[in-house]
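Taken in sequence, the protein lines are chains A and B. Oh and the first sequence: position 46 is 46 in our numbering, straight run, nothing missing. Oh and the second sequence: position 108 is 108 in our numbering, straight run, nothing missing.
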Amino acid sequence: LAKTTQPISMDSYEGQEVNITCSHNNIATNDYITWYQQFPSQGPRFIIQGYKTKVTNEVASLFIPADRKSSTLSLPRVSLSDTAVYYCLVGDMIGGFKTIFGAGTRLFVKA
Amino acid sequence: GAVVSQHPSRVICKSGTSVKIECRSLDFQATTMFWYRQFPKQSLMLMATSNEGSKATYEQGVEKDKFLINHASLTLSTLTVTSAHPEDSSFYICSARDRLAGSFYEQYFGPGTRLTVT
């Protein structure tokens, strides 16, 4: 399983764009990158998933460079309700894998 | 997206008793379910992986006789905490994985169960 490294915490202000980077130097060919969001006392919620280049959905964008050794989750114009822990996971979505969570990034959005 | 439910959402029990937590996939069949526990301000820790109809695979350091997992059907997995102690108080989360036809796995998480042992 590819190990991931993220910043422990980040602070931002409402309306700003937030970029959270995750390192996964030993990512394998079949591995996909998935980001989850978790609020206190709730289960993780899927945000976005990608394999390479850029993926965008209604809540976020995911940027993956050509070497795939890192990825960046971009949250446009954050609000107070985006205060949460964000987890980056890497795993084989085709062959199946155990979902192991790293420490995650605690994002705190201030007014 | 698909929904995973857990019951109960919170439970308080006395030390020495057993508690059962249910995890259900509501609109899909889950060939694999995972159980996690999470202490305050910490990440989710994988406890075990269960496949329908077979024995669960426990992570290192997790006592299989204390945390009994049963995955009797493609939509239900249960976690029983036996002889609970205060140190078992935690947030327990399950997730269910669905293999889309011709595609890759999607994984969905339940809302969690808060266990407090007094």
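Glycine included, each C-beta is placed from N, C-alpha and C at the ideal position.
Chain B has no Cβ within less than 8 Å of the Cβ of residue 48 of chain A. Between the C-alpha atoms of residue 74 of chain A and residue 90 of chain B there is a straight-line separation of about 31 Å. Here the C-alpha atom of residue 65 of chain B lies approximately 20 Å from the C-alpha atom of residue 38 of chain B. Between the alpha carbons of residue 28 of chain B and residue 53 of chain B lies a distance of about 17 Å.
Interface flag for residue 50 of chain B against chain A is unset, since no Cβ pair is found closer than 8 Å.
Residue 26 of chain A has its alpha-carbon roughly 14 Å from the corresponding atom of residue 51 of chain A.
Taking a Cβ-Cβ cut-off of 7 Å, the neighbours of residue 98 of chain A in chain B comprise 46, 49, given in sequence order.
The continuous beta strand (DSSP E) containing residue 62 of chain A extends over residues 61 to 64. Per DSSP, residue 13 of chain A is one residue of the beta strand (DSSP E) stretching across 9 to 13.
At a beta-carbon threshold of 7 Å, the residues of chain A lying near residue 93 of chain B are 43, ordered along the chain. Annotated three-state conformation of residue 22 of chain B is strand, per DSSP. Residue 43 of chain B has no beta-bridge partner at all, per DSSP. Under a 10 Å Cβ-count criterion, residue 24 of chain B is classified as buried, with 16 or more other Cβ atoms of the shown protein chains found around its own Cβ.
Residue nearest to residue 80 of chain B within the set B:113, B:44, B:41, B:5 is B:113 (criterion: CA-CA distance).
Residue 80 of chain A carries a helical assignment under DSSP once its states are collapsed to helix, strand and coil. The region 34 to 97 of chain B contains, as complete beta strand (DSSP E) runs of 3+ residues, the segments 45 to 51, 67 to 73, 76 to 81 (chain order). Listed in chain order, the non-local C-beta contacts of residue 78 of chain B below 6 Å within the same chain comprise 20, 22, 70, local neighbours out to five positions each way being set aside.
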